[in-house]
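Residue numbers for the sequence shown follow UniProt numbering, beginning at 1 and rising by one.
All C-beta atoms in this analysis are idealised placements derived from N, C-alpha and C, irrespective of residue type, glycine included.
In this text, all values refer to a predicted model and were calculated from it rather than measured experimentally.
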Amino acid sequence: MMAIILLAAMPIALIGAVQAWHSYHSTLEAPGERTDLTVSRIDLELRHEADHLGSLLQAVSRMRLDDAGLRHMLELVQSLTGRHYSQIALADDRGNILTAVGRQGDAPALGADAMPRFQGDVRMVALTDPLTHVPGYFRITVSAVIYDDAGRPARPGYLTAVMPLSWRSAILQASDPRLDLVQQNGPIQIWVVDSQARAAAPLCSDCNWAARPPDRIMQWARVTLATGGDHAHITLPEGSFSIGRVQGGVHVLTMTRRNAGERHAVVMFAISLVSSGLLLLAGLLGASKSADVLVITPLRQLTASVNQWQLGGMYEVRSNWAMPLEVRQLAHAFSKATRRLARHEKRLERAQARQELLLKEMHHRVKNNLQIVASLLNLQAGRIRQPAAREEFAQARDRVRALATLHRYLYADGELYSLNMQSFVRELCGQIMHAIGESDESRITLDIRVDDLLMVPDQAVPLALIVTEAVSNTIKYAFPDRQHGTLEVGLRALSGDRACLWIADNGVGMAAARNHSAAEEGRSGIGMQLIRGFARQLGGELQMFEENGTRYVLVFPLKQPEQDETSA
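1. In the structure shown, what three-state DSSP assignment does PHE138 receive?
2. Note down, one range per segment and in chain order, each beta strand (DSSP E) of at least 3 residues found wholly within the stretch 237-286.
3. Under the DSSP definition of a beta bridge, which residues are partnered with SER143?
4. In chain order, what residues of the same chain lie with their CB nearer than 7 Å to the CB of GLU33, ignoring the 5 residues before and after it?
5. Put ASN96 into one of helix, strand or coil per three-state DSSP.
6. Along the chain, where does the beta strand (DSSP E) that runs through PRO202 open and close?
7. Taking DSSP's pairing of strands, which residues face ALA232 in a bridge?
8. Would you identify the three-state DSSP class for THR550, choosing helix, strand or coil?
9. So ILE448 is in the beta strand (DSSP E); what residue range does that whole segment cover?
10. Apart from the five residues just before and just after THR474, which ones in its own chain have a Cβ nearer than 6 Å to its Cβ?
11. Go to MET421, then tell me how far its alpha helix (DSSP H) extends in each direction, as first and last residue.
12. Tell me the rounded alpha-carbon separation between LEU491 and ILE432.
13. Answer yes or no: do GLU541 and LEU554 have a C-beta to C-beta separation smaller than 9 Å?
14. Taking DSSP's pairing of strands, which residues face VAL39 in a bridge?
15. When you compare only the Cα positions, how much space is there between SER442 and ARG482?
16. Per DSSP, which residues does LEU538 bridge with? Please list them.
17. Please find out if some non-hydrogen atom of the ligand COA comes closer than 8 Å to the beta-carbon of THR486.
18. Helix, strand or coil for VAL122, going by three-state DSSP, please let me know.
19. On the three-state DSSP scale, how would you describe ARG498?
20. Cutting at 6 Å between CB atoms, please list the residues of its own chain near GLY151, excluding the five before and the five after it.
21. For LEU53, is the classification buried or exposed, using 16 other Cβ atoms within 10 angstroms of its Cβ as the cut-off for buried?
22. What is the residue span of the alpha helix (DSSP H) that TRP167 lies within?
23. Count Cβ pairs between the stretch 243-253 and the stretch 219-232 that sit closer than 8 Å; are there 3 or more?
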(Lines of atoms letter the chains of each structure in order from A and count residues from 1; the text may use other names and numbers.)
(Lines give C-alpha, C1' and ligand atoms only; values in the text may rest on other atoms or scores of the structure.)
Protein backbone atom coordinates (compact mmCIF):
# COMPACT_ATOMS: atom_id res chain seq x y z
CA MET A 1 0.00 0.00 0.00
CA MET A 2 2.86 2.33 0.80
CA ALA A 3 4.28 1.61 -2.64
CA ILE A 4 0.94 2.52 -4.26
CA ILE A 5 0.81 5.79 -2.33
CA LEU A 6 4.39 6.58 -3.29
CA LEU A 7 3.68 5.81 -6.95
CA ALA A 8 0.60 8.05 -6.85
CA ALA A 9 2.55 10.96 -5.37
CA MET A 10 5.68 10.34 -7.45
CA PRO A 11 4.63 12.17 -10.68
CA ILE A 12 3.73 15.41 -8.86
CA ALA A 13 6.86 15.24 -6.72
CA LEU A 14 8.97 14.45 -9.76
CA ILE A 15 7.59 17.36 -11.77
CA GLY A 16 8.16 19.76 -8.89
CA ALA A 17 11.66 18.39 -8.28
CA VAL A 18 12.60 18.72 -11.96
CA GLN A 19 11.38 22.29 -12.13
CA ALA A 20 13.13 23.22 -8.89
CA TRP A 21 16.33 21.52 -9.96
CA HIS A 22 16.24 23.25 -13.34
CA SER A 23 15.87 26.61 -11.62
CA TYR A 24 18.61 25.77 -9.11
CA HIS A 25 20.92 24.49 -11.84
CA SER A 26 20.37 27.63 -13.91
CA THR A 27 21.17 29.74 -10.86
CA LEU A 28 24.36 27.78 -10.20
CA GLU A 29 25.43 27.94 -13.83
CA ALA A 30 24.82 31.68 -14.20
CA PRO A 31 28.24 32.72 -12.76
CA GLY A 32 29.95 30.12 -14.93
CA GLU A 33 28.23 31.45 -18.04
CA ARG A 34 29.36 34.96 -17.11
CA THR A 35 32.97 33.81 -16.78
CA ASP A 36 32.76 32.09 -20.18
CA LEU A 37 31.31 35.29 -21.63
CA THR A 38 34.16 37.26 -20.04
CA VAL A 39 36.75 35.09 -21.80
CA SER A 40 34.97 35.72 -25.10
CA ARG A 41 34.86 39.48 -24.38
CA ILE A 42 38.61 39.56 -23.64
CA ASP A 43 39.33 37.71 -26.87
CA LEU A 44 37.15 40.17 -28.79
CA GLU A 45 38.80 43.25 -27.23
CA LEU A 46 42.31 41.92 -27.88
CA ARG A 47 41.36 41.09 -31.48
CA HIS A 48 39.95 44.60 -31.94
CA GLU A 49 43.07 46.28 -30.48
CA ALA A 50 45.40 44.07 -32.54
CA ASP A 51 43.45 44.82 -35.74
CA HIS A 52 43.54 48.55 -34.98
CA LEU A 53 47.31 48.51 -34.44
CA GLY A 54 47.87 46.33 -37.51
CA SER A 55 45.81 48.69 -39.67
CA LEU A 56 47.81 51.65 -38.32
CA LEU A 57 51.14 49.97 -39.18
CA GLN A 58 49.90 49.00 -42.66
CA ALA A 59 48.85 52.60 -43.27
CA VAL A 60 52.38 53.78 -42.38
CA SER A 61 53.95 51.11 -44.62
CA ARG A 62 52.07 52.45 -47.65
CA MET A 63 53.48 56.02 -47.32
CA ARG A 64 56.66 55.44 -49.50
CA LEU A 65 59.09 56.83 -46.89
CA ASP A 66 62.80 56.28 -46.37
CA ASP A 67 64.44 55.37 -43.06
CA ALA A 68 64.33 58.90 -41.65
CA GLY A 69 60.76 59.46 -42.81
CA LEU A 70 59.62 56.18 -41.30
CA ARG A 71 61.27 57.03 -37.95
CA HIS A 72 59.60 60.45 -37.96
CA MET A 73 56.23 58.84 -38.72
CA LEU A 74 56.69 56.23 -35.96
CA GLU A 75 57.41 59.01 -33.45
CA LEU A 76 54.27 60.76 -34.60
CA VAL A 77 52.19 57.60 -34.15
CA GLN A 78 53.63 57.05 -30.69
CA SER A 79 52.82 60.64 -29.75
CA LEU A 80 49.25 60.48 -31.11
CA THR A 81 48.53 57.25 -29.18
CA GLY A 82 49.66 58.76 -25.91
CA ARG A 83 52.78 56.62 -25.89
CA HIS A 84 50.58 53.62 -25.15
CA TYR A 85 52.82 51.19 -27.02
CA SER A 86 56.01 50.02 -25.41
CA GLN A 87 57.88 50.14 -28.70
CA ILE A 88 57.29 50.90 -32.38
CA ALA A 89 60.21 49.93 -34.62
CA LEU A 90 61.44 49.44 -38.19
CA ALA A 91 63.29 46.18 -38.97
CA ASP A 92 65.10 44.92 -42.08
CA ASP A 93 64.19 41.79 -43.98
CA ARG A 94 66.21 39.64 -41.52
CA GLY A 95 64.37 40.97 -38.48
CA ASN A 96 67.17 43.24 -37.16
CA ILE A 97 65.83 46.47 -35.62
CA LEU A 98 66.97 49.53 -37.64
CA THR A 99 65.21 52.23 -35.67
CA ALA A 100 62.84 52.14 -32.68
CA VAL A 101 60.85 54.56 -30.54
CA GLY A 102 59.26 53.87 -27.18
CA ARG A 103 60.01 53.09 -23.55
CA GLN A 104 61.88 49.81 -24.09
CA GLY A 105 65.67 49.93 -24.33
CA ASP A 106 67.61 47.63 -26.62
CA ALA A 107 65.16 46.16 -29.07
CA PRO A 108 65.77 42.45 -29.76
CA ALA A 109 65.66 41.17 -33.32
CA LEU A 110 62.43 39.68 -34.65
CA GLY A 111 62.15 35.93 -34.43
CA ALA A 112 60.94 33.73 -37.26
CA ASP A 113 57.54 33.35 -35.58
CA ALA A 114 57.08 37.14 -35.48
CA MET A 115 57.69 37.74 -39.23
CA PRO A 116 54.64 37.94 -41.54
CA ARG A 117 54.39 35.11 -44.03
CA PHE A 118 53.08 37.15 -46.97
CA GLN A 119 52.32 40.73 -48.01
CA GLY A 120 49.31 42.05 -46.07
CA ASP A 121 49.70 39.50 -43.26
CA VAL A 122 49.42 40.92 -39.73
CA ARG A 123 51.54 38.77 -37.42
CA MET A 124 50.75 38.66 -33.68
CA VAL A 125 52.87 36.87 -31.06
CA ALA A 126 52.89 37.04 -27.27
CA LEU A 127 55.95 38.17 -25.29
CA THR A 128 56.66 37.01 -21.73
CA ASP A 129 57.12 39.60 -19.00
CA PRO A 130 60.46 38.87 -17.29
CA LEU A 131 59.06 39.95 -13.91
CA THR A 132 55.82 37.95 -13.79
CA HIS A 133 56.90 35.14 -16.17
CA VAL A 134 53.52 35.32 -17.91
CA PRO A 135 52.64 36.84 -21.31
CA GLY A 136 52.67 40.65 -20.77
CA TYR A 137 52.92 42.04 -24.29
CA PHE A 138 51.86 41.41 -27.87
CA ARG A 139 54.15 42.05 -30.81
CA ILE A 140 52.28 43.12 -33.97
CA THR A 141 54.28 42.97 -37.20
CA VAL A 142 53.45 43.85 -40.84
CA SER A 143 55.50 43.78 -44.03
CA ALA A 144 56.84 47.11 -45.35
CA VAL A 145 58.97 48.50 -48.21
CA ILE A 146 61.75 51.02 -47.45
CA TYR A 147 62.18 53.67 -50.15
CA ASP A 148 65.21 55.82 -51.04
CA ASP A 149 65.40 59.60 -51.22
CA ALA A 150 63.97 59.57 -54.77
CA GLY A 151 60.91 57.62 -53.69
CA ARG A 152 61.97 54.37 -55.31
CA PRO A 153 61.70 51.00 -53.50
CA ALA A 154 65.06 50.28 -51.94
CA ARG A 155 64.65 47.11 -49.80
CA PRO A 156 61.98 45.15 -47.92
CA GLY A 157 61.51 45.40 -44.17
CA TYR A 158 59.01 45.15 -41.34
CA LEU A 159 57.08 47.55 -39.12
CA THR A 160 56.55 46.16 -35.63
CA ALA A 161 54.95 47.40 -32.43
CA VAL A 162 54.90 46.03 -28.89
CA MET A 163 51.47 46.40 -27.26
CA PRO A 164 51.12 45.90 -23.48
CA LEU A 165 48.63 43.23 -22.48
CA SER A 166 47.82 44.87 -19.14
CA TRP A 167 44.78 47.13 -18.99
CA ARG A 168 44.56 50.13 -16.67
CA SER A 169 41.16 51.45 -15.69
CA ALA A 170 42.60 54.91 -15.05
CA ILE A 171 43.50 55.53 -18.70
CA LEU A 172 40.43 53.99 -20.31
CA GLN A 173 37.91 56.43 -21.74
CA ALA A 174 34.37 56.57 -20.42
CA SER A 175 32.99 55.01 -23.61
CA ASP A 176 35.48 52.11 -23.63
CA PRO A 177 33.57 48.78 -23.30
CA ARG A 178 36.45 47.33 -21.28
CA LEU A 179 35.31 49.38 -18.28
CA ASP A 180 32.62 46.73 -17.70
CA LEU A 181 35.37 44.20 -17.09
CA VAL A 182 37.97 46.23 -15.18
CA GLN A 183 36.42 47.73 -12.07
CA GLN A 184 37.80 48.50 -8.65
CA ASN A 185 36.89 45.58 -6.37
CA GLY A 186 34.33 44.47 -8.98
CA PRO A 187 32.56 41.10 -9.17
CA ILE A 188 34.83 40.02 -12.03
CA GLN A 189 38.58 39.36 -11.78
CA ILE A 190 40.86 38.35 -14.66
CA TRP A 191 44.37 36.88 -14.63
CA VAL A 192 46.81 36.07 -17.43
CA VAL A 193 48.52 32.68 -16.91
CA ASP A 194 51.42 30.99 -18.63
CA SER A 195 51.00 27.94 -20.86
CA GLN A 196 51.39 25.56 -17.89
CA ALA A 197 49.31 27.59 -15.39
CA ARG A 198 52.23 27.90 -12.95
CA ALA A 199 52.32 31.70 -12.83
CA ALA A 200 49.60 34.34 -13.06
CA ALA A 201 49.27 38.12 -13.14
CA PRO A 202 46.19 40.37 -13.00
CA LEU A 203 45.01 41.70 -16.35
CA CYS A 204 44.20 45.06 -14.74
CA SER A 205 47.14 46.56 -12.85
CA ASP A 206 45.16 49.18 -10.89
CA CYS A 207 41.88 47.34 -10.13
CA ASN A 208 42.94 46.08 -6.66
CA TRP A 209 42.54 42.43 -7.72
CA ALA A 210 44.27 39.49 -6.03
CA ALA A 211 47.80 38.91 -7.24
CA ARG A 212 46.93 35.33 -8.27
CA PRO A 213 43.95 32.94 -8.07
CA PRO A 214 43.61 30.45 -5.18
CA ASP A 215 46.04 27.54 -5.23
CA ARG A 216 43.41 24.88 -5.89
CA ILE A 217 42.16 26.89 -8.88
CA MET A 218 45.71 27.05 -10.25
CA GLN A 219 45.98 23.29 -9.72
CA TRP A 220 42.70 22.78 -11.63
CA ALA A 221 43.98 25.08 -14.42
CA ARG A 222 47.24 23.10 -14.67
CA VAL A 223 45.32 19.82 -15.00
CA THR A 224 43.03 21.34 -17.64
CA LEU A 225 45.91 22.65 -19.78
CA ALA A 226 47.91 19.42 -19.30
CA THR A 227 45.03 17.37 -20.73
CA GLY A 228 44.88 19.56 -23.84
CA GLY A 229 41.74 21.52 -22.92
CA ASP A 230 41.47 25.02 -24.39
CA HIS A 231 38.36 25.99 -22.45
CA ALA A 232 36.77 24.84 -19.19
CA HIS A 233 34.96 26.26 -16.19
CA ILE A 234 34.30 25.18 -12.60
CA THR A 235 31.84 26.44 -9.98
CA LEU A 236 32.87 26.58 -6.31
CA PRO A 237 31.29 28.17 -3.22
CA GLU A 238 33.58 31.21 -3.53
CA GLY A 239 32.70 31.74 -7.20
CA SER A 240 32.92 30.43 -10.74
CA PHE A 241 36.19 30.19 -12.67
CA SER A 242 36.83 29.81 -16.40
CA ILE A 243 40.03 29.32 -18.32
CA GLY A 244 40.31 29.87 -22.07
CA ARG A 245 42.64 30.67 -24.93
CA VAL A 246 42.49 34.16 -26.48
CA GLN A 247 44.41 36.02 -29.22
CA GLY A 248 48.08 35.13 -29.63
CA GLY A 249 47.75 31.80 -27.82
CA VAL A 250 47.47 33.50 -24.43
CA HIS A 251 45.45 31.82 -21.64
CA VAL A 252 43.31 33.90 -19.31
CA LEU A 253 41.61 32.84 -16.09
CA THR A 254 38.43 34.68 -15.09
CA MET A 255 36.46 34.64 -11.83
CA THR A 256 33.01 35.95 -10.95
CA ARG A 257 30.95 35.75 -7.76
CA ARG A 258 27.25 35.26 -7.31
CA ASN A 259 25.22 38.42 -7.06
CA ALA A 260 22.57 39.12 -4.42
CA GLY A 261 19.72 37.79 -6.58
CA GLU A 262 21.52 34.50 -7.20
CA ARG A 263 22.35 34.02 -3.52
CA HIS A 264 18.72 34.70 -2.66
CA ALA A 265 17.57 32.14 -5.26
CA VAL A 266 19.86 29.47 -3.76
CA VAL A 267 18.52 30.11 -0.26
CA MET A 268 14.92 30.01 -1.47
CA PHE A 269 15.59 26.74 -3.28
CA ALA A 270 16.89 25.14 -0.08
CA ILE A 271 13.90 26.45 1.89
CA SER A 272 11.38 25.25 -0.70
CA LEU A 273 13.09 21.87 -0.98
CA VAL A 274 12.98 21.28 2.79
CA SER A 275 9.39 22.53 3.15
CA SER A 276 8.18 20.46 0.19
CA GLY A 277 9.87 17.37 1.56
CA LEU A 278 8.32 17.86 4.98
CA LEU A 279 4.85 18.43 3.52
CA LEU A 280 5.20 15.38 1.28
CA LEU A 281 6.42 13.26 4.20
CA ALA A 282 3.52 14.39 6.39
CA GLY A 283 1.03 13.59 3.62
CA LEU A 284 2.54 10.16 3.05
CA LEU A 285 2.51 9.36 6.76
CA GLY A 286 -1.13 10.41 7.05
CA ALA A 287 -2.14 8.44 3.97
CA SER A 288 -0.21 5.37 5.09
CA LYS A 289 -1.72 5.48 8.57
CA SER A 290 -5.23 5.79 7.14
CA ALA A 291 -4.57 2.99 4.68
CA ASP A 292 -3.20 0.78 7.48
CA VAL A 293 -6.27 1.29 9.66
CA LEU A 294 -8.91 1.05 6.92
CA VAL A 295 -7.36 -1.42 4.45
CA ILE A 296 -4.13 -3.11 5.56
CA THR A 297 -5.27 -4.34 8.98
CA PRO A 298 -8.54 -5.89 7.64
CA LEU A 299 -6.65 -7.54 4.78
CA ARG A 300 -4.02 -8.82 7.20
CA GLN A 301 -6.73 -10.38 9.34
CA LEU A 302 -8.31 -11.93 6.27
CA THR A 303 -4.93 -13.31 5.14
CA ALA A 304 -4.24 -14.81 8.56
CA SER A 305 -7.62 -16.56 8.50
CA VAL A 306 -6.94 -17.94 5.02
CA ASN A 307 -3.50 -19.22 6.07
CA GLN A 308 -5.04 -20.88 9.11
CA TRP A 309 -7.62 -22.53 6.87
CA GLN A 310 -4.90 -23.75 4.47
CA LEU A 311 -3.09 -25.41 7.37
CA GLY A 312 -6.22 -27.36 8.19
CA GLY A 313 -7.78 -25.06 10.74
CA MET A 314 -11.12 -23.35 10.73
CA TYR A 315 -11.68 -20.27 8.61
CA GLU A 316 -12.90 -17.53 10.92
CA VAL A 317 -12.83 -13.80 10.25
CA ARG A 318 -14.87 -11.13 11.94
CA SER A 319 -15.97 -8.22 9.80
CA ASN A 320 -16.83 -4.87 11.31
CA TRP A 321 -18.08 -1.58 10.00
CA ALA A 322 -14.57 -0.08 10.04
CA MET A 323 -13.64 -2.34 7.12
CA PRO A 324 -14.23 -1.12 3.58
CA LEU A 325 -17.33 -2.54 1.94
CA GLU A 326 -15.27 -4.45 -0.62
CA VAL A 327 -13.22 -6.18 2.12
CA ARG A 328 -16.40 -7.22 3.99
CA GLN A 329 -17.89 -8.60 0.76
CA LEU A 330 -14.65 -10.48 0.06
CA ALA A 331 -14.61 -12.02 3.53
CA HIS A 332 -18.26 -13.09 3.20
CA ALA A 333 -17.67 -14.60 -0.26
CA PHE A 334 -14.59 -16.44 0.95
CA SER A 335 -16.57 -17.86 3.89
CA LYS A 336 -19.12 -19.36 1.55
CA ALA A 337 -16.39 -20.64 -0.79
CA THR A 338 -14.48 -22.35 2.02
CA ARG A 339 -17.61 -24.14 3.21
CA ARG A 340 -18.27 -25.41 -0.33
CA LEU A 341 -14.63 -26.46 -0.72
CA ALA A 342 -14.71 -28.33 2.58
CA ARG A 343 -17.73 -30.35 1.47
CA HIS A 344 -16.18 -30.99 -1.93
CA GLU A 345 -12.84 -32.08 -0.39
CA LYS A 346 -14.61 -34.62 1.77
CA ARG A 347 -16.33 -36.07 -1.29
CA LEU A 348 -12.99 -36.18 -3.16
CA GLU A 349 -11.27 -37.89 -0.23
CA ARG A 350 -13.94 -40.60 -0.14
CA ALA A 351 -13.70 -41.02 -3.94
CA GLN A 352 -9.90 -41.19 -3.81
CA ALA A 353 -10.01 -43.81 -1.06
CA ARG A 354 -12.41 -45.92 -3.14
CA GLN A 355 -10.24 -45.48 -6.24
CA GLU A 356 -7.06 -46.53 -4.42
CA LEU A 357 -8.85 -49.53 -3.00
CA LEU A 358 -10.10 -50.53 -6.44
CA LEU A 359 -6.64 -50.11 -8.00
CA LYS A 360 -5.00 -52.19 -5.31
CA GLU A 361 -7.64 -54.85 -5.70
CA MET A 362 -7.24 -54.81 -9.48
CA HIS A 363 -3.44 -55.17 -9.33
CA HIS A 364 -3.76 -57.84 -6.69
CA ARG A 365 -6.21 -59.83 -8.80
CA VAL A 366 -4.11 -59.40 -11.98
CA LYS A 367 -1.00 -60.57 -10.10
CA ASN A 368 -2.85 -63.56 -8.67
CA ASN A 369 -4.36 -64.45 -12.04
CA LEU A 370 -0.94 -64.26 -13.70
CA GLN A 371 0.54 -66.47 -11.00
CA ILE A 372 -2.31 -68.95 -11.46
CA VAL A 373 -1.69 -68.99 -15.25
CA ALA A 374 2.03 -69.55 -14.62
CA SER A 375 1.26 -72.40 -12.21
CA LEU A 376 -1.14 -74.01 -14.71
CA LEU A 377 1.51 -73.79 -17.43
CA ASN A 378 4.06 -75.32 -15.08
CA LEU A 379 1.66 -78.18 -14.21
CA GLN A 380 0.87 -78.74 -17.85
CA ALA A 381 4.58 -78.77 -18.76
CA GLY A 382 5.15 -81.50 -16.14
CA ARG A 383 2.58 -83.78 -17.89
CA ILE A 384 4.19 -83.40 -21.36
CA ARG A 385 6.70 -86.03 -22.35
CA GLN A 386 8.21 -84.36 -25.42
CA PRO A 387 11.16 -82.14 -24.36
CA ALA A 388 10.55 -79.53 -27.11
CA ALA A 389 6.89 -79.01 -26.14
CA ARG A 390 7.76 -78.98 -22.46
CA GLU A 391 10.41 -76.32 -23.21
CA GLU A 392 7.84 -74.15 -24.99
CA PHE A 393 5.50 -74.34 -21.99
CA ALA A 394 8.41 -73.42 -19.70
CA GLN A 395 9.19 -70.33 -21.79
CA ALA A 396 5.54 -69.25 -21.75
CA ARG A 397 5.54 -69.76 -17.99
CA ASP A 398 8.63 -67.53 -17.60
CA ARG A 399 7.01 -64.75 -19.63
CA VAL A 400 3.86 -64.85 -17.53
CA ARG A 401 5.92 -64.83 -14.33
CA ALA A 402 7.80 -61.76 -15.58
CA LEU A 403 4.49 -59.94 -16.00
CA ALA A 404 3.34 -61.12 -12.59
CA THR A 405 6.54 -59.82 -11.00
CA LEU A 406 6.03 -56.44 -12.69
CA HIS A 407 2.46 -56.16 -11.35
CA ARG A 408 3.63 -57.14 -7.89
CA TYR A 409 6.12 -54.29 -7.93
CA LEU A 410 3.43 -51.84 -9.03
CA TYR A 411 1.11 -53.06 -6.30
CA ALA A 412 3.74 -53.21 -3.55
CA ASP A 413 5.35 -49.81 -4.16
CA GLY A 414 2.11 -47.97 -4.95
CA GLU A 415 3.73 -46.44 -8.04
CA LEU A 416 1.14 -46.69 -10.79
CA TYR A 417 2.97 -44.57 -13.33
CA SER A 418 6.67 -45.44 -12.84
CA LEU A 419 8.69 -48.47 -11.80
CA ASN A 420 12.11 -48.66 -10.15
CA MET A 421 14.03 -50.85 -12.60
CA GLN A 422 17.03 -51.56 -10.34
CA SER A 423 15.30 -53.89 -7.88
CA PHE A 424 12.85 -55.18 -10.51
CA VAL A 425 15.51 -56.39 -12.96
CA ARG A 426 17.53 -57.93 -10.14
CA GLU A 427 14.57 -59.97 -8.89
CA LEU A 428 13.46 -60.87 -12.42
CA CYS A 429 16.87 -62.31 -13.34
CA GLY A 430 17.06 -64.24 -10.09
CA GLN A 431 13.61 -65.62 -10.74
CA ILE A 432 14.62 -66.82 -14.24
CA MET A 433 17.76 -68.45 -12.83
CA HIS A 434 15.68 -70.24 -10.21
CA ALA A 435 13.11 -71.43 -12.75
CA ILE A 436 15.81 -72.91 -14.99
CA GLY A 437 17.54 -74.53 -12.01
CA GLU A 438 20.74 -72.48 -11.90
CA SER A 439 20.15 -70.36 -8.78
CA ASP A 440 21.62 -72.89 -6.33
CA GLU A 441 24.68 -73.65 -8.39
CA SER A 442 27.75 -71.53 -8.89
CA ARG A 443 28.20 -72.53 -12.52
CA ILE A 444 26.85 -69.25 -13.96
CA THR A 445 27.66 -65.95 -12.22
CA LEU A 446 24.95 -63.29 -12.53
CA ASP A 447 26.30 -59.66 -12.67
CA ILE A 448 23.51 -57.05 -12.43
CA ARG A 449 24.49 -53.45 -13.31
CA VAL A 450 21.25 -51.49 -13.32
CA ASP A 451 21.02 -47.79 -12.39
CA ASP A 452 18.39 -46.43 -10.03
CA LEU A 453 16.13 -45.65 -12.97
CA LEU A 454 12.38 -44.96 -13.13
CA MET A 455 10.47 -46.27 -16.16
CA VAL A 456 6.82 -46.10 -17.14
CA PRO A 457 4.89 -49.42 -17.29
CA ASP A 458 4.39 -49.11 -21.07
CA GLN A 459 8.15 -49.49 -21.48
CA ALA A 460 8.79 -51.72 -18.47
CA VAL A 461 6.58 -54.54 -19.87
CA PRO A 462 8.42 -55.05 -23.23
CA LEU A 463 11.75 -54.48 -21.48
CA ALA A 464 10.96 -57.20 -18.93
CA LEU A 465 10.02 -59.62 -21.73
CA ILE A 466 13.25 -58.81 -23.61
CA VAL A 467 15.29 -59.52 -20.46
CA THR A 468 13.32 -62.75 -19.91
CA GLU A 469 13.95 -64.03 -23.45
CA ALA A 470 17.60 -62.99 -23.63
CA VAL A 471 18.55 -64.25 -20.16
CA SER A 472 16.71 -67.56 -20.72
CA ASN A 473 18.42 -68.12 -24.08
CA THR A 474 21.81 -67.25 -22.62
CA ILE A 475 21.48 -69.61 -19.65
CA LYS A 476 20.26 -72.48 -21.82
CA TYR A 477 22.52 -72.18 -24.87
CA ALA A 478 25.61 -70.08 -24.04
CA PHE A 479 27.17 -72.59 -21.63
CA PRO A 480 26.67 -76.12 -23.01
CA ASP A 481 28.03 -79.25 -21.37
CA ARG A 482 27.85 -77.65 -17.88
CA GLN A 483 30.42 -74.99 -18.68
CA HIS A 484 31.03 -72.13 -16.23
CA GLY A 485 30.64 -68.47 -17.19
CA THR A 486 29.34 -64.97 -16.37
CA LEU A 487 26.07 -63.37 -17.43
CA GLU A 488 25.98 -59.55 -17.24
CA VAL A 489 22.69 -57.59 -17.34
CA GLY A 490 22.91 -53.76 -17.38
CA LEU A 491 20.56 -50.79 -17.77
CA ARG A 492 21.84 -47.22 -17.76
CA ALA A 493 20.39 -43.78 -18.57
CA LEU A 494 22.13 -41.85 -21.39
CA SER A 495 22.10 -38.17 -22.31
CA GLY A 496 19.26 -36.87 -24.42
CA ASP A 497 16.50 -38.82 -22.59
CA ARG A 498 17.75 -42.20 -23.79
CA ALA A 499 18.58 -45.48 -22.07
CA CYS A 500 20.81 -48.43 -22.90
CA LEU A 501 20.09 -52.11 -22.04
CA TRP A 502 22.81 -54.71 -22.53
CA ILE A 503 22.91 -58.46 -21.85
CA ALA A 504 26.30 -60.10 -22.36
CA ASP A 505 27.90 -63.45 -21.64
CA ASN A 506 31.31 -65.04 -22.15
CA GLY A 507 29.91 -68.31 -23.48
CA VAL A 508 30.38 -70.15 -26.75
CA GLY A 509 28.44 -67.65 -28.89
CA MET A 510 25.34 -67.99 -31.02
CA ALA A 511 27.04 -69.75 -33.96
CA ALA A 512 28.42 -72.50 -31.76
CA ALA A 513 25.07 -72.83 -30.01
CA ARG A 514 23.27 -73.28 -33.34
CA ASN A 515 25.74 -75.96 -34.42
CA HIS A 516 25.26 -77.72 -31.10
CA SER A 517 21.57 -78.49 -31.64
CA ALA A 518 19.23 -77.93 -34.59
CA ALA A 519 16.19 -78.09 -32.34
CA GLU A 520 17.62 -75.37 -30.16
CA GLU A 521 18.13 -73.25 -33.30
CA GLY A 522 14.40 -73.20 -33.88
CA ARG A 523 13.59 -72.22 -30.36
CA SER A 524 16.33 -69.57 -30.36
CA GLY A 525 14.90 -68.16 -33.59
CA ILE A 526 11.48 -67.68 -31.93
CA GLY A 527 13.15 -65.96 -28.99
CA MET A 528 15.03 -63.61 -31.30
CA GLN A 529 11.82 -62.72 -33.10
CA LEU A 530 10.24 -61.77 -29.80
CA ILE A 531 13.30 -59.74 -28.76
CA ARG A 532 13.32 -57.82 -32.06
CA GLY A 533 9.57 -57.23 -31.89
CA PHE A 534 9.74 -55.84 -28.34
CA ALA A 535 12.75 -53.68 -29.37
CA ARG A 536 10.65 -52.15 -32.18
CA GLN A 537 7.82 -51.57 -29.69
CA LEU A 538 10.27 -49.59 -27.54
CA GLY A 539 11.37 -47.59 -30.61
CA GLY A 540 14.99 -48.59 -30.04
CA GLU A 541 17.91 -49.97 -32.05
CA LEU A 542 19.02 -53.53 -31.26
CA GLN A 543 22.58 -54.64 -32.00
CA MET A 544 24.18 -58.05 -31.46
CA PHE A 545 27.90 -58.73 -31.15
CA GLU A 546 29.66 -62.11 -31.13
CA GLU A 547 33.09 -61.68 -29.66
CA ASN A 548 34.11 -63.76 -26.65
CA GLY A 549 30.46 -64.68 -26.27
CA THR A 550 27.23 -62.93 -27.22
CA ARG A 551 26.24 -59.32 -26.39
CA TYR A 552 22.82 -57.73 -26.92
CA VAL A 553 22.80 -53.89 -26.89
CA LEU A 554 19.50 -51.99 -27.08
CA VAL A 555 19.43 -48.15 -27.11
CA PHE A 556 15.92 -46.70 -26.91
CA PRO A 557 14.25 -43.37 -26.06
CA LEU A 558 13.28 -43.10 -22.43
CA LYS A 559 9.72 -41.97 -21.91
CA GLN A 560 9.24 -39.72 -18.90
CA PRO A 561 6.11 -39.95 -16.72
CA GLU A 562 3.63 -37.16 -17.28
CA GLN A 563 3.80 -34.29 -14.82
CA ASP A 564 0.26 -34.72 -13.60
CA GLU A 565 0.84 -38.47 -13.18
CA THR A 566 3.95 -38.09 -11.02
CA SER A 567 2.32 -35.38 -8.94
CA ALA A 568 -0.76 -37.54 -8.43
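The relevant details are as follows:
1. strand
2. 239-245 and 251-256
3. TYR158
4. none
5. coil
6. 200-202
7. ILE243
8. strand
9. 444-450
10. LEU487 and ASP505
11. 421-436
12. 17 Å
13. yes
14. DSSP, once it has assigned bridges, lists no residue as partnering VAL39.
15. 11 Å
16. In DSSP, LEU538 forms no bridge with anything.
17. No copy of the ligand COA occurs in the structure displayed, which carries no ligand at all.
18. strand
19. strand
20. ARG64
21. buried
22. Careful: TRP167 lies outside any alpha helix (DSSP H) and carries neither H nor E.
23. yes
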